[in-house]
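Structure first, then comments.
Numbering (our numbering), first residue to last: 5 to 180.
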């Protein structure tokens with residue numbers, strides 16, 4: 005059984021090849037096409053030495069002329085140059101770069117806000133605990149603390165006053 009290829013497949017393949025060549029040779033000055041003696045179509049950035057050749061790629065545009073440096077006191081000159089040359093819209097790459105920059109700044113601001121909120125929550129919790137400890141010390145309750153060896157030690161009046169002064173200093177410094 006013979007496989008018959010439709011002419012569409014060959015032209016589609018040629019179109020894909022031509023598109024790939026346009027993408028690959030976008031930096032080249034011109035793209036040439038020709039058909040050899042066997043009937044095959046060729047595409048290249050340099051023409052063959054002999055034969056019928058068609059130019060299918062656009063010629064490279066010359067670079068824009070360099071702009072002269074503005075002279076001193078050239079604010080009016082700069083304004084005139086800006087009016088003479090309209091700004092082109094930003095390219096896709098420039099817009100993508102601006103978008104990524106904005107996104108990074110937003111993420112950084114959000115992370116900073118979350119860290120600030122967490123610090124504030126910790127500060128409020130520490131202040132609340134300090135106020136409760138100060139109230140217990142000043143209320144006349146028996147207060148005990150644990151030593152390094154793990155045994156419980158009850159505070160006498162002098163130790164209670166010293167502990168209350170430390171907690172009050174913390175509250176004055178951190179919990180305003």
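Yeah, the Cβ is synthetic: ideal placement off N, Cα and C, and Gly gets one too.
Quick caveat, the model's predicted, so the values are computed rather than measured.
What's the C-alpha gap between residue 175 and residue 133?
Stepping through the chain shown from its first residue, residue 175 is reached at position 171. Stepping through the chain shown from its first residue, residue 133 is reached at position 129. Looking at the two C-alpha atoms, the distance is approximately 10 Å.
With which residues is residue 37 paired in a DSSP beta bridge?
Walking along the chain shown from the start, residue 37 turns up at place 33. 47 and 58.
Measuring straight from C-alpha to C-alpha, what distance separates residue 32 and residue 50?
The residue labelled residue 32 in the question sits at position 28 within the chain shown. The residue labelled residue 50 in the question sits at position 46 within the chain shown. Confidence at residue 32 is low in this model, with a pLDDT of 45, below 50, so its placement is unreliable and no value can be given for it.
State yes or no: is the C-beta of residue 130 within less than 9 Å of the C-beta of residue 179?
Looking up residue 130 in the chain shown gives position 126. Looking up residue 179 in the chain shown gives position 175. It is a contact, given that the beta carbons lie within the stated cut-off.
Along the beta strand (DSSP E) that carries residue 157, what are the first and last residues, could you check?
Looking up residue 157 in the chain shown gives position 153. 156-158 is the span of the beta strand (DSSP E), which, as asked, contains residue 157.
Following the continuous alpha helix (DSSP H) through residue 146, name the residue where it begins and the one where it ends.
Here the question's residue 146 lines up with position 142 in the chain shown. Segment: none, residue 146 is in no alpha helix (DSSP H) and carries neither H nor E.
Using a Cβ-Cβ cut-off of 6 Å (strictly less than) and excluding sequence neighbours within five positions of residue 60, which residues of its own chain qualify?
Walking along the chain shown from the start, residue 60 turns up at place 56. Cβ neighbours of residue 60 beyond the five flanking positions: 35 and 37.
Which residues in the same chain as residue 127 place their Cβ atom closer than 8 Å to its Cβ, once the five residues preceding and following it in sequence are excluded?
The count along the chain shown starts at 1 and reaches residue 127 at position 123. Hits under 8 Å: 178 and 179.
Looking only at C-alpha atoms, which of 170, 145 and 172 sits nearest to residue 159?
Taking the chain shown and counting its residues from 1, one reaches residue 159 at position 155. Nearest option by C-alpha distance: 145.
Using 10 angstroms around the beta-carbon of residue 96, count the other beta-carbons present and answer buried if the total reaches 16, otherwise exposed.
Within the chain shown, residue 96 is the residue found at index 92, counting from 1. Label assigned to residue 96: exposed.
For residue 141, count the other beta carbons within 10 Å of its own beta carbon; 16 or more makes it buried, fewer makes it exposed. Which is it?
Along the chain shown, read from residue 1 onward, the residue named residue 141 stands at position 137. Classification of residue 141: buried, given that the 10 Å Cβ count is 16 or more.
State the DSSP-derived secondary structure class of residue 133, mapped to helix, strand or coil.
Here residue 133 corresponds to residue number 129 of the chain shown, with the count starting at 1. Reduced to three states, the DSSP call for residue 133 is helix.
Going along the chain, which residues of its own chain have a beta-carbon closer than 8 Å to the beta-carbon of residue 168, five neighbours each way excluded?
For this step, residue 168 is matched to residue 164 along the chain shown. Excluding sequence neighbours, residue 168 sits near 138, 141 and 142.
How is residue 110 classed by DSSP in three states: helix, strand or coil?
Your numbering for residue 110 matches position 106 in the chain shown. Reduced to three states, the DSSP call for residue 110 is helix.
Helix, strand or coil for residue 152 per DSSP?
The residue you call residue 152 lines up with position 148 of the chain shown. Looking at residue 152 - three-state DSSP - the assignment turns out to be coil, as it is neither helix nor strand.
Tell me the rounded alpha-carbon separation between residue 109 and residue 125.
Mapped onto the chain shown, residue 109 falls at position 105. Mapped onto the chain shown, residue 125 falls at position 121. Going by the C-alpha atoms only, they are around 24 Å apart.
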